[in-house]
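The numbers in my numbering rise by one with no breaks, and the one at position 133 of the sequence shown is 142.
Built from N, CA and C at the ideal position, the CB exists for glycine as well.
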Amino acid sequence: MLTSSSTILDKKYIKLVLQISLTEISFCIFDTLKKTIDTFGQYPLPKSASFTDVETAIIQFIKQTPILQSKFDDVIVLHNNNLMSFVPQAFFNEDYLGSYLQYNVKVFETDFITFDVIENYEMNNVYIPYVNINNSLLDCYGSFNYKHAHSILVKKVLDLSKNNDEPQMFVHCQQDNFQLIAVKNQKLLLFNSFEFKTKEDFIYYLLFTAEQLQLNPESFQLKLFGNITKESEIYQIAYKYVRNVSLFIENINLEAAISQEDYLKNFILIHACE
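Here it is in structure tokens:
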């Protein structure tokens, strides 16, 4: 990010978007002049029972990866975890952030809690970021902005549901969990995140949620994206039980030369560049 002493001659016209979870680091490098993404990258983190070990692995990877040590005009860090909750603006009070998480997240008095405003949708995403990682990244990049990855995810899905009065279900698939977003014409009906080990776990959560929302598997639209292809087990089992299933690729910008695979896998990174 530019400091107050930077001039236009110092600008590199590149932006880094860095997404961090406890299982993977992913990133993209965006050319702000050409408005194109030059590089995507993913790095699976070693499994560890210690959160401290994971944090150390994350920072070591960033410091030891030359492309991530470039000079960037802007750095955005996305925290990808389930320590969050969407709260309608009508019920939101910044003085009581912890109360919005206490029913689905174990909250400690020492936790730092913040929120993202979801612009145009009168709601906020209240969440716990990885504070120690943020502090370490200050040494790497000086200053940066950070958000929750699901803030980007939900806002873009809502944007793309405009003028569609039929309920739609979007499923963003990751390695061992998925985010389920149900929408209707830019209204968020439900957001939840589920951990799963088998394709049977996946379809159970999907159909159970549809039942609770009174959505008929014979009629509602199911859009799948993230770490998924038509050959994936979870795509195949969804196709077996839900009539209208497709990969969510309608919004690919062909001029930006983004492949279908990259768009599906890097949906959040791509739209964080906007």
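Neighbourhood of residue i by C-beta distance below 7 Å, restricted to the same chain and skipping five residues each side
i: residue 52; result: 33, 34, 70
i: residue 116; result: 107, 110
Spatial distance of residue i from residue j (CA atoms)
i: residue 26; j: residue 219; result: 33 Å
i: residue 188; j: residue 73; result: 31 Å
i: residue 238; j: residue 253; result: 16 Å
i: residue 276; j: residue 162; result: 8 Å
i: residue 151; j: residue 175; result: 46 Å
i: residue 96; j: residue 124; result: 10 Å
i: residue 14; j: residue 280; result: The pLDDT assigned to residue 14 is 40, lower than 50, so where the model puts this residue is not dependable; a value taken from the coordinates is nonetheless given after this. Rounded to whole angstroms, residue 14 to residue 280 spans 29 Å at the Cα level.
i: residue 274; j: residue 257; result: 11 Å
i: residue 90; j: residue 127; result: 17 Å
i: residue 172; j: residue 31; result: 37 Å
i: residue 50; j: residue 36; result: 5 Å
Boundaries of the beta strand (DSSP E) in which residue i is found, first to last residue
i: residue 46; result: 45-53
i: residue 109; result: Neither: residue 109 is in no beta strand (DSSP E) and is coded neither H nor E.
i: residue 270; result: That residue, residue 270, is in no beta strand (DSSP E); its alpha helix (DSSP H) goes 269-274.
i: residue 33; result: 33-40
i: residue 23; result: 23-29
Closer than 7 Å: residue i CB and nearest the ligand NAP heavy atom
i: residue 233; result: No copy of the ligand NAP appears in this structure; indeed no ligand is present at all.
Which residues DSSP lists as bridging residue i, in chain order
i: residue 204; result: 186
i: residue 285; result: Look at the range of the chain in this structure, 10 to 283, and you will see that residue 285 is not part of it.
i: residue 136; result: 93, 123
Start-to-end residues for the alpha helix (DSSP H) that takes in residue i
i: residue 148; result: 140-150
i: residue 60; result: 60-73
i: residue 250; result: 242-250
Cut-off 6 Å between Cβ atoms - residues of its own chain near residue i, not counting five sequence neighbours on either side
i: residue 148; result: none
i: residue 47; result: 38, 40
Sequence-distant residues of its chain with Cβ nearer than 8 Å to residue i (five each side left out)
i: residue 12; result: Its pLDDT being 32, under 50, residue 12 is placed unreliably in this model, and the value from its coordinates should be taken loosely. 151, 152, listed in sequence order.
i: residue 10; result: Unreliable placement is indicated for residue 10, whose pLDDT of 27 sits below 50; the coordinate value is still reported in the next sentence. Excluding sequence neighbours, residue 10 sits near 81, 82, 83, 84, 150, 151, 152, 153, 154.
Query raised in the report: How about the segment 182-196 and the segment 133-151: do they share at least three Cβ pairs that are nearer than 8 Å?
Result: no
Query raised in the report: Between the segment 155-171 and the segment 206-221, are three or more C-beta pairs nearer than 8 Å?
Result: no
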